[in-house]
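Here's the structure, in structure tokens; my notes come after.
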DNA sequence: CGCAAAGCTTATCTG
DNA sequence: AAGCTTTGCG
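Residue numbers (this note's numbering): 963 to 1741.
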């Protein structure tokens, strides 16, 4: 094994070599904390013969976990790293809960609800309680309930908490505790846990079942926590319980980078850690290896405006580097154009690769201007923060079938697929089903088992029973077939794949390809080794489904691809780039209008600013626009107050106007470029209503075009009696009450919803839905 | 029942 | 400006 201790500074070495007992590592930005964590794991295994199975390392992102695992693997090199429990809080706890779920009354393969599923359940609950969804918006309700769960607060405690009740009254949402209560019950009935439950239920497991507590206390002899400043009370209590036996808990964090209070995180946890144990070893990592000294000086200056931090002074031996560029533009589009131009220029002049650049912003909505500008310049980029592959509609549809097979009580999955592809189970039938489930307080699947006793129409009853039989037959496949075979069969048997295949529109083809990709991903999962050095890994479909719910789009994108990276500052935590554009430094945006009401909020915004500054290794731009579009409306903002906190000595100021930005006109290959540029400038000037005129066509031409197409009126014959829909055939002459006489030229549509195309004598070709419009056979 | 147009909401950050 | 939900209609 190579000398893994070489290359560590004195402090880092101290943290690595510390053997038993609690330790707090205060690690400034860029001070090598990941290196310390991984080297510490290696050292525990190599020097103290700690078994990999006894080490638990928790991170905040899958990516951080993967990186740590790979680094350990690289040095130990014998596959031992695979036995480490390294992962995010959510994924590690989900993995354990899979073994233990039944102890808490959940099915073994409980479903994990993502945010969309949770909100959908909340909507249903709000509806069932006959509350006004104008007051109880899913987002607000979700955040409120999530906050309660992260504080380990039950619905009952929520209801009895005076301050919370006051707040809910004041905001006109007195029924929140009721919603919370119903939501929890509904999720349980569905055999589902939401993201917050993964923490909450794991905590309950440890705190209510002594055997479980002692089992995991004994298993995890050494515990390491990354980004400790962003843990919330639930995570904190779990760590406290798990570590109580051996007290070998090593937490690494930086109070200056605490940016997740909206998720319930509190810096208090760092201070409290030192009180929880008698003798906490404290190590401070204060040497920064990442940034130029100017960048670091700016960061230190900015953060010094916050009160009450853990005392530490970050220093670096790196060269001074360039000054920070402060850039003002007139509009958000100019800001985008400036950044794209600068990247192009820097790339040529200093031989940077695309991957050396990051554009970081406060809100996801800001990405558009950059995206457009980069595309116009032909610069490849990757946007983080969009929806994950597994959240796409078509993917979720097939996944919903799989979810339902694994856990038929999952009502969200059931609602999604019961009539997709269409099989004639409409809103009316579905509502009836859901109502019955609520009345009996059981899952809708249970109702379906005895659908006969609920007065469905004969035809509906048949399709319902067919549906149940189909899902059950899929379920019985699980025992003898692997996850991939089941998924493939389901896609085929339900007609879902065929339906997508038949859609030849561009999006339709894309959707079909996404389904193929989903099937590939399941295949890959199925075929990867199912045991790791003796420990059997769960390769069931249920395990697969739980895993994909916890993936984010960052996990699916290749960070090494040679592209410019666009993401929020939150998403950039833990990353570094040679060149960083910190964009949108405007009042109301950054600091955000939602976070300027208390000193605590404002200080968190400032920490966010600190985080974005410290992402930069060599060059940093800070930009703001005088005006930008919000909800389609032009708004003006002042420059951010944070700009004034940057020392003048480290600043170069400039204005990047829309007509004087970017590359000099004399760039080689000017023909193409200049053409592009003038085109884009015209586009910018013309496509904004604010510049004076709209881009509508001439009004005189449009005229009253949107009026309904004229129908030549028809008086039904005296003997007009609609014929039975099943009697209609191609070639017949028919009469329609409004359109008059015509000839049927084709029949299509599903059996339960036939559509006839009729050419009328006076009103042209119409599609007639036979279930609704009546036709009389005229012959 | 299913489609298309109109209407309404939205955008602070995330596993 | 764009996405999602409601509505109106055949």
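From the three backbone atoms N, C-alpha and C, an ideal C-beta is built for every residue, glycine too.
Apart from the five residues just before and just after residue i, which ones in its own chain have a Cβ nearer than 7 Å to its Cβ?
i	result
residue 971	1249
residue 1699	1678, 1682 and 1736
residue 1199	1114 and 1165
residue 1006	1012, 1017 and 1184
residue 1120	1110, 1126, 1139 and 1142
residue 1031	1043, 1046 and 1048
Which word fits residue i, buried or exposed, when buried means at least 16 other C-beta atoms lie within 10 angstroms of its C-beta?
i	result
residue 1349	exposed
residue 1142	buried
residue 1024	buried
residue 1643	With a pLDDT of only 30 at residue 1643, under 50, the local geometry of the prediction cannot be trusted, and the value read off the model is given with reservation. So residue 1643 ends up on the exposed side.
residue 1597	exposed
residue 1486	exposed
residue 1567	buried
residue 1390	exposed
residue 1528	buried
residue 1548	buried
residue 1412	exposed
residue 1106	buried
residue 1098	buried
residue 1191	buried
residue 1680	exposed
residue 1471	exposed
Are the CB atoms of residue i and residue j nearer to each other than 9 Å?
i	j	result
residue 1433	residue 1367	yes
residue 1525	residue 1316	yes
residue 1018	residue 1050	no
residue 1086	residue 1148	yes
residue 1453	residue 1425	no
residue 1258	residue 1605	no
residue 1242	residue 1556	no
residue 1530	residue 1346	yes
residue 910	residue 1160	Summary: the structure shown does not reach residue 910, with the chain confined to residues 963 through 1741, and so no result is reported for it.
residue 1253	residue 1283	yes
Using a Cβ-Cβ cut-off of 6 Å (strictly less than) and excluding sequence neighbours within five positions of residue i, which residues of its own chain qualify?
i	result
residue 1544	1322, 1574 and 1584
residue 1687	1732
residue 1152	1371, 1372 and 1373
residue 1081	1100 and 1104
residue 1422	1391
residue 1444	1488
residue 1137	1093
residue 981	none
Span of the alpha helix (DSSP H) holding residue i?
i	result
residue 1441	1420-1442
residue 1329	1329-1339
residue 1205	1195-1205
residue 1238	1230-1238
residue 1481	1468-1489
residue 1698	Residue 1698 -> not in any alpha helix (DSSP H); beta strand (DSSP E) instead, spanning 1695-1698.
residue 1013	Segment: none, residue 1013 is in no alpha helix (DSSP H) and carries neither H nor E.
Tell me, to the nearest whole angstrom, how far the beta carbon of residue i is from that of residue j; I am working on the premise that it is less than 8 Å.
i	j	result
residue 1582	residue 1542	5 Å
residue 1275	residue 1608	With 8 Å as the limit, residue 1275 and residue 1608 do not qualify as a contact, their Cβ atoms being about 19 Å apart.
residue 1226	residue 1113	6 Å
residue 1380	residue 1396	About 10 Å separates the two Cβ atoms, so there is no contact after all.
residue 1505	residue 1539	Not quite, the Cβ-Cβ distance comes to about 35 Å (not below 8 Å), so this is no contact.
residue 1247	residue 990	6 Å
residue 1352	residue 1462	Wrong, their Cβ atoms sit about 16 Å apart, outside the cutoff.
residue 1602	residue 1591	Rounded, the Cβ-Cβ distance is 18 Å, inconsistent with contact.
Got a sec? Which residues, its chain only, sit under 8 Å from residue i by beta carbon, not counting five neighbours each side?
i	result
residue 1717	1709, 1710, 1711, 1729, 1730, 1731 and 1732
residue 976	1245
residue 1448	1364, 1367, 1436, 1439, 1440 and 1503
residue 966	1001, 1004, 1005, 1008 and 1037
residue 978	967, 970, 998, 1001, 1002 and 1005
residue 1178	1058, 1168 and 1204
Looking at the secondary structure, which residues open and close the beta strand (DSSP E) in which residue i lies?
i	result
residue 1156	1154-1156
residue 1541	1539-1544
residue 1287	1286-1293
residue 1598	1595-1598
residue 1184	1184-1187
residue 1054	Segment 1051-1062 is the alpha helix (DSSP H) holding residue 1054; no beta strand (DSSP E) there.
residue 1343	1343-1345
residue 1321	1319-1323
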